[in-house]
Amino acid sequence: MSEAEAPLRSLILLLVAFHPSKQEVNCLNTCLRSLPATIGYAVVVNDYLPGEPIDLLAENADSWLCNSDNPGYGRAVNRLVKTLPNIPKYLGVLNTDLQWTKGTFATMTSWMDQNPDVVLAAPQILDPLGNEQKLCKRNPTVLGLLSRRFIPDWFKPGWLKRYDRWYVMADSSYDDQFDVPYLSGCCMVMQSKPFLQSGGFDERYFLYLEDADLTREMSLWGRCQHFSSAYVVHSWGRGNYKSLRLMVVNVQSAWRYFCKWGWTFW
2 MSEAEAPLRS
12 LILLLVAFHP
22 SKQEVNCLNT
32 CLRSLPATIG
42 YAVVVNDYLP
52 GEPIDLLAEN
62 ADSWLCNSDN
72 PGYGRAVNRL
82 VKTLPNIPKY
92 LGVLNTDLQW
102 TKGTFATMTS
112 WMDQNPDVVL
122 AAPQILDPLG
132 NEQKLCKRNP
142 TVLGLLSRRF
152 IPDWFKPGWL
162 KRYDRWYVMA
172 DSSYDDQFDV
182 PYLSGCCMVM
192 QSKPFLQSGG
202 FDERYFLYLE
212 DADLTREMSL
222 WGRCQHFSSA
232 YVVHSWGRGN
242 YKSLRLMVVN
252 VQSAWRYFCK
262 WGWTFW
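Residue numbers (the numbering used here): 2 to 267.
Structure representation (structure tokens):
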């Protein structure tokens, strides 16, 4: 879509694609086609191969960027933002494995208009069966990351299970709005001004914890909240649990995070 053709947007959803399946793209396209004229979307495709299913989204995108390499999640988003014909009041960052109902993002931006002290928000995140995904977290700790990634539930003593519940704010009512130190990057909506003034995503993170870092940066500008009156469905892959390479990337991200923000062990 050219700059002349692009309508004035209040929100642009930024989608980062890495070889999504045809089924995933079709589901996403259905959701994108239901967006009102005030909400658009832009796509960055990492490790792009011509003829991929993601090409279906190119025609109606406000911006379309293909990377021949995989520069990482945060760097890809930052590159995409620079290609936008106009910067809207709000930017959303989304995975491609999401689905939502009509009006979801209009509800979020309307609420954020009424609560200008909220600079970053995430909706309720459900799995495909409709169960809550406990993705609101405290700021990362060494124990929290080690427990959730390397220690199976059946092996955890009672105190560590209680710690895990504290870490993911499980005792907070996910049916309410509340402040969150670490929001999930699978679906975020933020005010564009503080996002840009803080430098966007820290590009030292290739993948993992870039969302924890961004939440912490944005919290210097205002409140970061879980918004319970809207939801998305997330088909969570948990790739770092299955891949040794991604596990190494995760450890590298944790090292960078703690070197930047200080080492918190529990």
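Note that the Cβ used here is the ideal one computed from N, Cα and C, for glycine as well.
Could you have a look at G240 and say whether DSSP puts it in helix, strand or coil?
Any reading at G240 must be qualified, since the residue scores a pLDDT of 49, below 50, and its modelled position is unreliable; the value itself is stated next. It is helical.
Assuming contact is defined by CB atoms lying nearer than 8 Å, are I13 and Y49 in contact in what I supplied?
Going by C-beta atoms, I13 is not nearer than 8 Å to Y49.
Report yes if the CB atom of F202 is closer than 8 Å to the CB atom of V78, and no otherwise.
For F202 and V78, yes; Cβs fall inside 8 Å.
For chain C, find out if any of its Cβ atoms is closer than 8 Å to the Cβ of S230; answer yes or no.
Absent from the structure is chain C; it holds one protein chain and no more.
Under 8 Å, with one C-beta from each stretch per pair, do the segment 94-106 and the segment 158-172 reach the 3-pair mark?
Output reads no: the segment 158-172 does not touch the segment 94-106.
State yes or no: is the C-beta of Y183 within less than 8 Å of the C-beta of K138?
For Y183 and K138, yes; Cβs fall inside 8 Å.
Is it true that the segment 189-199 meets the segment 140-149, where meeting means three or more beta-carbon pairs spaced less than 8 Å apart?
Taking 8 Å as the limit for Cβ pairs, the verdict is that the segment 140-149 does not touch the segment 189-199.
Looking only at its chain, what residues have a beta carbon closer than 6 Å to the beta carbon of F207, apart from the 5 residues adjacent to it on each side?
Here the set comprises G73 and V250.
Spell out a yes or no on whether the segment 82-97 and the segment 172-183 are touching, meaning 3 or more CB-CB pairs, one atom from each, closer than 8 Å.
No, the segment 82-97 is not in contact with the segment 172-183.
Residue from P117, L15, I55 and V82 with nearest C-alpha to Q226
Nearest of P117, L15, I55 and V82 to Q226, Cα basis: P117.
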